[in-house]
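As numbered in my numbering, residues 301 to 538 make up the sequence shown, in order.
We put the beta carbon where it would ideally sit given N, CA and C, even for glycine.
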Amino acid sequence: FLRHVQRCRALVHVIDGTSPDPMGDFRAINLELELFNPELKDKPQVVAYNKVDLPDSGDFWEFVQEELLAEGVPADRIFPISAGTGQGVTELVRRVRSMLDDLGPAQQVYETNARNVKSQPRRHESSVKEFTIEVEEGAGDMRFFYVQGEAIERFAQMTNWDYYEAVKRFQRLLDVSGINSSLKARAIKEGDVVVIGDSEFEWKDDQSDAALYSAYLDDMRNRGRNRQGVARWPKAGP
Numbered sequence: 301f302l303r304h305v306q307r308c309r310a311l312v313h314v315i316d317g318t319s320p321d322p323m324g325d326f327r328a329i330n331l332e333l334e335l336f337n338p339e340l341k342d343k344p345q346v347v348a349y350n351k352v353d354l355p356d357s358g359d360f361w362e363f364v365q366e367e368l369l370a371e372g373v374p375a376d377r378i379f380p381i382s383a384g385t386g387q388g389v390t391e392l393v394r395r396v397r398s399m400l401d402d403l404g405p406a407q408q409v410y411e412t413n414a415r416n417v418k419s420q421p422r423r424h425e426s427s428v429k430e431f432t433i434e435v436e437e438g439a440g441d442m443r444f445f446y447v448q449g450e451a452i453e454r455f456a457q458m459t460n461w462d463y464y465e466a467v468k469r470f471q472r473l474l475d476v477s478g479i480n481s482s483l484k485a486r487a488i489k490e491g492d493v494v495v496i497g498d499s500e501f502e503w504k505d506d507q508s509d510a511a512l513y514s515a516y517l518d519d520m521r522n523r524g525r526n527r528q529g530v531a532r533w534p535k536a537g538p
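In structure tokens:
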């Protein structure tokens, strides 16, 4: 998906208005784009706040709009829409068309599969793949794996651990960055601790969605958090 985004001239950033943390989603996706390729953060965006027809979404629209403006998103690039009812979709499409017209004709990119190509175009290496791992012995046979890297530590710092979708996104980043495979190559085992910045995780051999969700619920209970209310933006609990 991220590789395909590089070909786009402009982006429509859709925010799920029923999300427990819509602005957290917005920031996390933008950060994920930047970590994959820093040039993506400079692509023009139109923001579509979706599901505005639903009470859980529409009630927070003005709060989200204020936050987007504070983040520097121009007012003429923010649209409340409903994909279900069609509300605001026409205006959104017209704005995207206008933006593309302002950008001018698309630059032609020629590709070939010819066997006589001398060299392949250099691919951008994501900065999130730049990390080191240090191992320290702990009590008994437990070990601590310190993962250090500017990009992954920044992503961990911005992750809202009270929100399951954010936890899943972080887990996906550990996979695509090669961190999980590197940890396995270092013989990490069940019960070892992974440290990334200020965040610590107990390693689980089972990496399935069900296991991730179970670990998420255990973490929420251990921290005394309520998954149904605490993460609800913008009025988070203590």
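Restricted to the segment 342-401, the beta strand (DSSP E) segments that are unbroken, complete and at least 3 residues in length are 345-350 and 378-380, listed in chain order. For V476, the enclosing alpha helix (DSSP H) covers residues Y464 to V476. I496 is bridged by DSSP to V447 and S499.
Judged by DSSP in its simplified three-state form, D316 adopts strand. The DSSP-derived three-state label of I433 is strand.
About 11 Å separates the beta carbon of D353 from that of T318, a gap too long to meet the 8 Å contact definition. The alpha-carbon separation between D518 and D401 amounts to approximately 51 Å. Rounded to whole angstroms, the separation of the alpha carbons of V396 and V312 is 8 Å.
According to the DSSP assignment, M323 belongs to the alpha helix (DSSP H) that extends over P322 to F336. Y463 is positioned such that its CB atom lies closer than 9 Å to that of D321.
Scanning its chain for C-beta atoms nearer than 6 Å, with the 5 sequence neighbours on each side dropped, one finds around Y446 the residues E434 and V495, in chain order. Cβ-Cβ distances below 8 Å link M442 to G491, D492 and V493 in the same chain, with the five nearest sequence neighbours on each side left out; the list follows chain order.
Taking 9 Å as the cut-off, the Cβ atoms of Q387 and I381 count as close. The residue from A370, A487, L474 and D342 with its alpha-carbon nearest to that of A451 is L474.
The residue from F431, Q306, E391 and V373 with its alpha-carbon nearest to that of N337 is Q306. Here the alpha carbons of S477 and E339 stand approximately 18 Å from one another. The C-beta separation of R469 from A328 comes to about 6 Å, placing the pair in contact by the 8 Å criterion.
Rounded to the nearest whole angstrom, the CA to CA distance from E500 to G449 is 15 Å.
Here L311 is bridged, per DSSP, to Q345.
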